[in-house]
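For the sequence shown, counting from 1, position 11 maps to 638 in my numbering; every step adds exactly one. Here the structure is laid out as C-alpha cells; the discussion comes afterwards.
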Amino acid sequence: MKIFATLYVLFITISFSFLKQQTPLQESIERGKEVYSDFCVTCHLENGEGIPSTFPPLAKSDYLLNNRNKSIKGLKYGQQGEIIVNGLIYNNSMPALGLEDEEIADVMNYILNSWENTSNKMVTPEEVSKITE
C-alpha cells in the first residue's frame, strides 16, 4: 500500500509540474512585459492606449496586426514619419531603443497578445534579425 501511495504522489507531482510549464510564447510574453515596462510605457501607457495625436495606441492596433515587419523595424531602428493607426494619423518619431533581437521579439509578443490584440504567430529573434533598415 505504501508503494502505491508513493507512486500516486509521485505521479501527481510530475503531472502538476508539466501543467505549470509555460510555452515558449508565454515565456516570451512574460519577458516582453518587462521590456515594455522599461522602454515603452512612458509613451504608450500601461494600458497600451497611447496618447491621441501624439503616441499611437498599441491596444487594439490595426497597424501592428497588419504591418508586422514595419512594426518590428520601428522597434529595431526607430520610427519617423506619418503612420495611420486605427484611422488616425500620427506624425511623430520614436528613437531606436537599442534593444537586442530577443528583446524586440519578446516585447512584440507581449504587445501582440495584450489589450485585446491576438497573434497566433510568435515573433522570434531569428525573424527580427532578418529585418534590415
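Beta carbons are placed, not taken as given, at the ideal position from N, Cα and C, and that holds for glycine. This structure is a prediction, so every number in the text was calculated from the model and none was measured.
Margin query: Quick check on A732: buried or exposed, where buried means 16 or more other Cβ atoms within 10 Å of its Cβ?
Written below: buried
Notebook entry, point to check: Opposite E676 in the DSSP bridges: which residues?
Noted result: BP columns for E676 are empty, so no partner.
Check: Anyone know if the C-beta pair for G659 and N713 falls short of 7 angstroms?
Finding: no
Item checked: Cβ pair count under 8 angstroms reaching 3, the region 739–752 against the region 665–672 -> no
Next item on the list: Consult DSSP for L626 and reduce its assignment to one of helix, strand or coil.
Entry: Lying before the first or after the last residue shown, residue 626 is absent from the chain, which here runs from 628 to 760.
Note to self: Measuring only the C-alpha atoms, how far is G675 from A686?
What the structure shows: 5 angstroms
Check: How many Å lie between L652 and N696 at the Cα?
Finding: 18 angstroms
Margin query: Going by DSSP in three states, S746 sits in which element: helix, strand or coil?
Written below: coil
Next item on the list: Determine which residues share a DSSP beta bridge with S720 and list them.
Entry: Note: S720 is bridge-paired with Q707 in the DSSP secondary-structure output.
Check: Within 10 angstroms of its Cβ, does L692 collect 16 or more other Cβ (buried), or is it exposed?
Finding: exposed
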